[in-house]
Amino acid sequence: MRNLFLVAIAGLLASCNTDAVMSDTHSLPNYWDKNDTIAFSIPQLDTLKQYNVFLHLRNTNDYRFNNLFLIVSMEFPHGKTIQDTLEYRMAEPDGAWLGEGIGSLKDSKLWFKEDVTFPEEGTYQLRIMQAVRNNGDVEGVTKLEGITDVGFSIEEASQQQ
């Protein structure tokens, strides 16, 4: 009976596989300093496949904005860099957090790039900086409170259209 239970648990765990080809997360001390760049290395991926790239963010109730601005750059192995300034909505107009989770922690999976290839052989670098500003301020928020984790994941793009 015990072996049957273990086989059932193993089957459940195997069926909960994720589509992620790779992922990584960097923990923060409940704030994100404007001078801190979160960097990730992406090793060689199949140059013929297409992928979707997501950014992951975990926030607490200490996050006091309804949106988030990020500057994200991808450095190719041979030196080319692409950079995007992105805005993501983090809360509904009534203040209810978007994302998943219970209690004061919310996890958000944010689209970054869709149906991309990694055509160059070698290691790519993904760099993420926060660029949140208070209304009317030129300088960015120096200590963005309420962000506990920043990460990314890469999934194979679906071949179905």
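Sequence positions in the sequence shown follow mature numbering (1 follows the signal peptide of the UniProt record, and there is no 0) and run -20 to -1, 1 to 141. Heads up, the beta-carbon is just placed ideally off N, CA and C, and yes, glycines get one too. Just so it is clear, the structure is predicted and the values come from calculations on it, not from any experiment.
Asked: Beta carbon of Ser84 nearer than 8 Å to that of Thr40; Found: yes
Asked: Endpoints, the beta strand (DSSP E) within which Trp77 is located; Found: No beta strand (DSSP E) contains Trp77, which DSSP labels as neither H nor E.
Asked: Straight-line Cα distance separating Arg113 from Arg44; Found: 12 Å
Asked: Top-ranked residue by Cα proximity to Phe132, from Gln30, Glu101, His36; Found: His36
Asked: Three-state secondary structure assigned by DSSP to Leu37; Found: strand
Asked: Distance between beta carbons of Val1 and Ile134, contact taken as under 8 Å; Found: 5 Å
Asked: Beta-carbon contacts of Lys86 that lie in its chain and below 6 Å, excluding the five residues immediately before and after; Found: Asn39, Trp77, Gly79
Asked: Validate contact between the stretch 113 to 128 and the stretch 17 to 29 using beta carbons, cut 8 Å, 3 pairs; Found: no
Asked: Spatial neighbours of Gly126 in its chain, beta-carbon cut-off 6 Å, leaving aside the 5 residues before and after; Found: Asn39, Thr40, Asp42, Tyr43
Asked: Straight-line gap, His58 to Asn47 (C-alpha atoms, nearest Å); Found: 34 Å
Asked: Spatially closest choice to Asp64 from Ile108, Tyr11, Thr128, Lys123, by CA coordinates; Found: Ile108
Asked: Inter-residue Cα distance where the pair is Ile(-12) and Asp74; Found: Only weak support is given to the placement of Ile(-12): the predicted model assigns it a pLDDT of 36, under 50, and the question is left unresolved by the model.
Asked: C-alpha gap between Ile62 and Arg69, whole angstroms; Found: 23 Å
Asked: Nearest to Ala111 (by Cα), restricted to the options Ile82, Leu50, Trp12, Ser138; Found: Leu50
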